[in-house]
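Each residue of the sequence shown is one higher than the one before, counting from 97 in this note's numbering.
Note that beta-carbon positions come from the ideal geometry of N, C-alpha and C, so glycine has one too.
Predicted model only: the values in this text are computed from it and were never measured.
As structure tokens, the structure follows; a few thoughts come after it.
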Amino acid sequence: MRVTDTPIRIRRVKASDVAKVIALDARVTGLPKSTYWRDLFARFGRRRLAERFFLVAEPDAAAARTPLLGFIIGEVRAWEFGSAPCGWVFGLAVDPDRRLEGVGEKLFEAISAEFRKAGMDKMRTMVARDNLLPLRFFRGEGMMAGPYIQLEKDLE
């Protein structure tokens, strides 16, 4: 991993960040999802903040070339199919031009700290088996297969 020379600040998302989150997500996924992200901000940026975490990474410098380096979003989930409460990460993106600079790791560390502060001792996420970039990232952060199996059914 390269480490950025630019100090990075992690903070909670603000209303003024939503357009930047939408743009970064569209750049990373190729799918613009404006309504989705505005709804997530309404739920995770304003309500139940002790158990919902929508964090952004930005350069901690006035002359930054990238206004938003990345974001991570997660929440405390409880009692799903008998599981004890734990932290769930369900969104993570880093500016492709700033990958391998420690941005994702700092976001992951920040949300881990928020989950610990909320009393959690475990966190989970879900990654497609063939999506190697996030799979490698999360494994590199110490995550491994857990005790649950994801099931799905084609409704078509």
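Judged by their CB atoms, Ala153 and Val190 are nearer to each other than the 9 Å cut-off.
Counting only runs of 4+ residues, no alpha helix (DSSP H) is found wholly inside the stretch 157 to 193. If the five residues before and after Arg108 are omitted, its C-beta is found closer than 8 Å to the C-beta atoms of Gly141, Leu145, Phe149, Phe150, Leu151, Val152, all from its own chain and listed in chain order. Taking a 10 Å sphere around the C-beta of Pro155, we find 16 or more other C-beta atoms and assign the residue as buried.
Nearest to Arg123 by C-alpha distance, out of Leu164, Gln246, Arg225, Met240, is Leu164. For Ala146, there is no enclosing alpha helix (DSSP H), as DSSP marks it with neither H nor E. In this structure, DSSP gives Ile245 a state outside helix and strand, which the three-state scheme calls coil.
Following the DSSP letters along the chain, one finds Arg232 inside the alpha helix (DSSP H) bounded by residues 228 to 236. Apart from the 5 residues on each side of it in sequence, Met216 sits with its Cβ closer than 7 Å to the Cβ of Val172, Pro181, Cys182, Gly183 in its chain, given in chain order.
Counting the other Cβ atoms within 10 Å of the Cβ of Ile207 gives 16 or more, which makes it buried. The beta carbon of Ile168 sits closer than 6 Å to the beta carbons of Leu151, Leu188, Leu203, Ile207 from its chain, once the five residues preceding and following it are set aside; these are given in chain order. Looking only at Ile104, Phe186, Glu176, the smallest Cα-Cα distance to Trp133 is reached by Phe186.
The C-beta distance from Gly242 to Arg220 rounds to 6 Å, short enough to meet the 8 Å contact threshold. Rounded to the nearest angstrom, the gap between the Cα atoms of Ile104 and Leu136 is 24 Å. Among the bridge pairs identified by DSSP, Glu154 is matched with Arg105.
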